[in-house]
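**Student:**
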Amino acid sequence: MRIVIIGTGAMGSVYAGLLGDAGLDIVAVDTWAAHIEAIRRDGLRVSGASGERVARISATTDAREAGPADLVIIATKANGVEAAARAARAILTEDGVVLTIQNGLGSAEKVAAIIGEDKTLIGVVGGFGASIPQPGHVHHNGWEFVRLGEYRGGTSARLEHIADIWRKGGFKVLLFADIHQLVWEKFICNVAFSGTCTLTGLTIGEVLADPDAFSVAAACATEAHAVARAKGIAVDIDDPVAYVRAFGEKIPGARPSMLLDHMAGKRCEIDVINGAVPRVGAEVGVPAPVNTTLVALIRARERAFDN
Numbered sequence: 023m024r025i026v027i028i029g030t031g032a033m034g035s036v037y038a039g040l041l042g043d044a045g046l047d048i049v050a051v052d053t054w055a056a057h058i059e060a061i062r063r064d065g066l067r068v069s070g071a072s073g074e075r076v077a078r079i080s081a082t083t084d085a086r087e088a089g090p091a092d093l094v095i096i097a098t099k100a101n102g103v104e105a106a107a108r109a110a111r112a113i114l115t116e117d118g119v120v121l122t123i124q125n126g127l128g129s130a131e132k133v134a135a136i137i138g139e140d141k142t143l144i145g146v147v148g149g150f151g152a153s154i155p156q157p158g159h160v161h162h163n164g165w166e167f168v169r170l171g172e173y174r175g176g177t178s179a180r181l182e183h184i185a186d187i188w189r190k191g192g193f194k195v196l197l198f199a200d201i202h203q204l205v206w207e208k209f210i211c212n213v214a215f216s217g218t219c220t221l222t223g224l225t226i227g228e229v230l231a232d233p234d235a236f237s238v239a240a241a242c243a244t245e246a247h248a249v250a251r252a253k254g255i256a257v258d259i260d261d262p263v264a265y266v267r268a269f270g271e272k273i274p275g276a277r278p279s280m281l282l283d284h285m286a287g288k289r290c291e292i293d294v295i296n297g298a299v300p301r302v303g304a305e306v307g308v309p310a311p312v313n314t315t316l317v318a319l320i321r322a323r324e325r326a327f328d329n
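Counting in the working numbering, the sequence shown runs from 23 upward without gaps.
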C-alpha cells in the first residue's frame, strides 16, 4: 500500500517519519525544497516523545511523482487544502481514499467537494506539539491519540484497515462514528491556545501559568463551546475551561503552529481557528467578542509582515 503525505511540515513529518520507520511505503510531498532535499539526502529524523529515529523514505516537491497512491494523507495548512485535494485526485488509485487532518473548521468540506464524500476520511490529531528545528528533522513534545472517522459518519472495514496502518507506526488510534464531534472538541483547544500564544509569544505552559493570559484563553474556549452547543454539535465537554487546561498540561512546552508562523514572519491560520468562532457564532446567534478582538489584533500584526 503506497501512502502519500501531502504537506510534510511539523505534523506531516511526524506521520511520515513514524509510518516510514515502521517499514510502510511512504512518499513525503512538500513545497519546502530544503526540507525535501534533506530527507532525500539524510533521511527524516524524528525526535521527542516517540524516541529518536531516522526514517528512510521517498520525498518530492511534486505530488505527480508520488503516485499511484492507495492512501493520501493531506496534512497541509488550511490554505493549502484545495490544491492538495486536486493533487490527490490525480494520483489516487481507483479504490484509493484521502484522509485529511487540519486544524480549525472547513477543510474536510473542501476536500470532500473535490474528492467526493465517499472517498474522504477525517482525522483529528492533537497533543503532539510538533516543530521542525531544521530541515530534515522534526521534534514532537507529546504523542496523543489519532482519531479517525468517515466523512459521512458510521464505521467501515476500510476505516479499520487505515487504523491498523497507523498502529503499525506506533500511534494510538481511536475510531469514531461521528468524527465531526471530535473536530469541534479539538477546535475548542486550538481556539484557546492558538491565538493567545500567538499574541503573547508564550508557550502553552506559560499561558497556563499566567493568570491574565489564561483568562483570555479560557474566554476564547468558552465562546467556542457555546457556539458548538448552539449549532447542535454533540461535544462531550461540560466544562470547557477545565477541558482546555487538561489538554494544555500534557504539552506545556509546545508552541502552536500559529505562533511558529508569526515567529517566522508568516501569516497564520487565524481565519479557520479563532476567526471561525465569530463567523459560525453569527449563524447561530452567539456573540464571540473575545475571539473577535483577538483576531483583529492578529490581523493588524500580520499587516506589518507585508512591510
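Idealized CB from N, CA, C, for every residue including glycine. A quick note: this is a predicted structure, and the numbers were derived from the prediction, not measured.
1. Should D52 go down as buried or exposed, given a rule of 16 or more other Cβ atoms within 10 Å for buried?
2. By how many angstroms is the C-alpha of P155 removed from the C-alpha of D186?
3. For P7, which residues of its own chain have a beta-carbon under 7 angstroms away from its beta-carbon, when the five flanking residues on both sides are left out?
4. Do you know whose CA, among A32, I295 and L316, lies nearest A276's CA?
5. Hey, out of R67, T83, T82 and G148, whose CA is closest to V76's CA?
6. Can you tell me whether V306 is buried or exposed? The criterion is at least 16 other CB atoms within 10 Å of its CB, across all chains shown.
7. At what residue ranges does the region 175-257 contain a whole run of the alpha helix (DSSP H), taking only runs of 4 or more?
8. Quick check: what's the CA-CA separation for A88 versus R289?
9. Can you round the beta-carbon distance between N163 and A71 to whole angstroms, since I take them to be within the 8 angstroms contact cut?
10. Where DSSP assigns a beta bridge to T314, which residues make up the other side?
11. Tell whether a beta-carbon distance below 8 angstroms holds between F215 and G126.
12. Give the DSSP-derived three-state secondary structure of A109 in the structure shown.
13. Where do the N-terminal and C-terminal ends of the beta strand (DSSP E) with V160 fall, by residue?
14. What does the Cβ neighbour count give for N296, buried or exposed, with the cut at 16 atoms within 10 Å?
15. Could you tell me the alpha carbon to alpha carbon distance between W188 and N329, rounded to whole angstroms?
16. Near D43, what residues of its chain come up, given a Cβ to Cβ distance below 6 angstroms and the 5 sequence neighbours on each side ignored?
17. Out of A55, D260 and R323, state which residue places its alpha-carbon closest to the alpha-carbon of L281.
18. With a floor of 3 residues, list each beta strand (DSSP E) that falls wholly inside the region 120-169, ordered by position along the chain.
19. So for G34, helix, strand or coil by DSSP?
20. According to the neighbour-count rule (16 or more other Cβ atoms, all chains shown, within 10 Å of its Cβ), is F150 buried or exposed?
21. For A55, tell me which candidate among G45, D84 and V103 has the shortest Cα-Cα distance.
22. Going by the CB atoms, is the gap between C242 and L316 shorter than 8 angstroms?
23. Is the beta carbon of I136 less than 8 angstroms from the beta carbon of R108?
24. Would you identify the three-state DSSP class for V306, choosing helix, strand or coil?
25. Less than 8 angstroms separating the beta-carbons of A91 and L114?
26. Is L46 helix, strand or coil when you go by DSSP?
27. Taking the alpha carbon of E271 as the point to measure from, which residue in E166, G34 and K253 has its own alpha carbon closest?
28. In chain order, what residues of the same chain have a beta carbon less than 8 angstroms from the beta carbon of V205, not counting five sequence neighbours either side?
29. What separation, rounded to the nearest whole angstrom, lies between the Cα atoms of G227 and I273?
30. Does F327 pass the burial test, meaning 16 or more other C-beta atoms within 10 Å, or should it be called exposed?
31. For the alpha helix (DSSP H) containing G270, list its first residue and its last residue.
32. Taking all protein chains shown into account, decide if R45 is buried (16 or more other Cβ within 10 angstroms of its Cβ) or exposed.
**Tutor:** On the basis of the coordinates in this document:
1. Reading the sequence shown from its first residue, position 30 is the one you call residue 52. Per the 10 Å Cβ criterion, buried.
2. For the purposes of this step, residue 186 is taken as residue 164 along the sequence shown, with counting starting at 1. For the purposes of this step, residue 155 is taken as residue 133 along the sequence shown, with counting starting at 1. When rounded, the distance between both Cα atoms is 30 angstroms.
3. Residue 7 falls outside the range modelled here, since the chain spans only 23 to 329, and no answer is possible.
4. Taking the first residue of the sequence shown as 1, we reach residue 276 at position 254. Among A32, I295 and L316, the Cα nearest to that of A276 belongs to A32.
5. Position 54 of the sequence shown holds residue 76. Closest option to V76, Cα to Cα, is R67.
6. Within the sequence shown, the letter at position 284 stands for residue 306. By the 10 Å Cβ count, V306 comes out exposed.
7. 179-190, 201-222, 226-231 and 233-253
8. Here residue 88 corresponds to residue number 66 of the sequence shown, with the count starting at 1. Here residue 289 corresponds to residue number 267 of the sequence shown, with the count starting at 1. Approximately 28 angstroms, taken between the alpha carbons.
9. Counted from its first residue, the sequence shown places residue 163 at position 141. Counted from its first residue, the sequence shown places residue 71 at position 49. The pair is a contact, with the Cβ atoms about 6 angstroms apart (cut-off 8 angstroms).
10. Within the sequence shown, the letter at position 292 stands for residue 314. For T314, which the question treats as bridged, DSSP gives no partner whatsoever.
11. In the sequence shown, counting from the first residue as 1, residue 215 sits at position 193. In the sequence shown, counting from the first residue as 1, residue 126 sits at position 104. Contact flag unset, no.
12. Sequence index remark: in the sequence shown, residue 109 carries index 87 (1-based). Reduced to three states, the DSSP call for A109 is helix.
13. In the sequence shown, counting from the first residue as 1, residue 160 sits at position 138. Its beta strand (DSSP E) spans residues H159 to H162.
14. For the purposes of this step, residue 296 is identified with residue 274 of the sequence shown, where counting begins at 1. Buried.
15. Against the sequence shown, residue 188 aligns to sequence position 166. Against the sequence shown, residue 329 aligns to sequence position 307. The alpha-carbon atoms of W188 and N329 are separated by roughly 43 angstroms.
16. By one-based count along the sequence shown, residue 43 stands at place 21. Excluding sequence neighbours, D43 sits near R75 and A77.
17. Within the sequence shown, the letter at position 259 stands for residue 281. If we check each option's Cα against that of L281, R323 comes out closest.
18. 142-147, 152-156 and 159-162
19. Counted from its first residue, the sequence shown places residue 34 at position 12. DSSP places G34 in helix when its eight states are reduced to three.
20. For the purposes of this step, residue 150 is taken as residue 128 along the sequence shown, with counting starting at 1. With 16 or more other Cβ atoms within 10 Å, it is buried.
21. As a working mapping, residue 55 is identified with position 33 in the sequence shown. Checking every option, the nearest Cα to that of A55 belongs to D84.
22. As a working note, residue 316 is residue 294 in the sequence shown. As a working note, residue 242 is residue 220 in the sequence shown. Yes, these two residues count as a Cβ contact at 8 angstroms.
23. Indexing the sequence shown from 1 puts residue 136 at position 114. Indexing the sequence shown from 1 puts residue 108 at position 86. It is a contact, given that the beta carbons lie within the stated cut-off.
24. For this step, residue 306 is matched to residue 284 along the sequence shown. V306 falls in the helix class under three-state DSSP.
25. Position 69 of the sequence shown, counted from the start, is the residue given in the question as residue 91. Position 92 of the sequence shown, counted from the start, is the residue given in the question as residue 114. Closer than 8 angstroms, so yes.
26. Counting from one through the sequence shown, the residue named residue 46 turns up at place 24. In this structure, L46 counts as coil in the three-state DSSP scheme.
27. Looking up residue 271 in the sequence shown gives position 249. For the residues E166, G34 and K253, the minimum Cα distance to E271 belongs to E166.
28. Indexing the sequence shown from 1 puts residue 205 at position 183. If we look at V205 and ignore the five residues flanking it on each side, its Cβ neighbours are L127, A130, I144 and V146.
29. Residue numbering aside, residue 227 sits at position 205 when the sequence shown is read from its first letter. Residue numbering aside, residue 273 sits at position 251 when the sequence shown is read from its first letter. Rounded to the nearest angstrom, the two C-alpha atoms are 7 angstroms apart.
30. For this step, residue 327 is matched to residue 305 along the sequence shown. So F327 counts as exposed.
31. Counting from one through the sequence shown, the residue named residue 270 turns up at place 248. Segment P262 to E271, the alpha helix (DSSP H) holding G270.
32. Taking the sequence shown and counting its residues from 1, one reaches residue 45 at position 23. The sequence shown places Gly at residue 45, not Arg. Exposed, by the Cβ-count rule.
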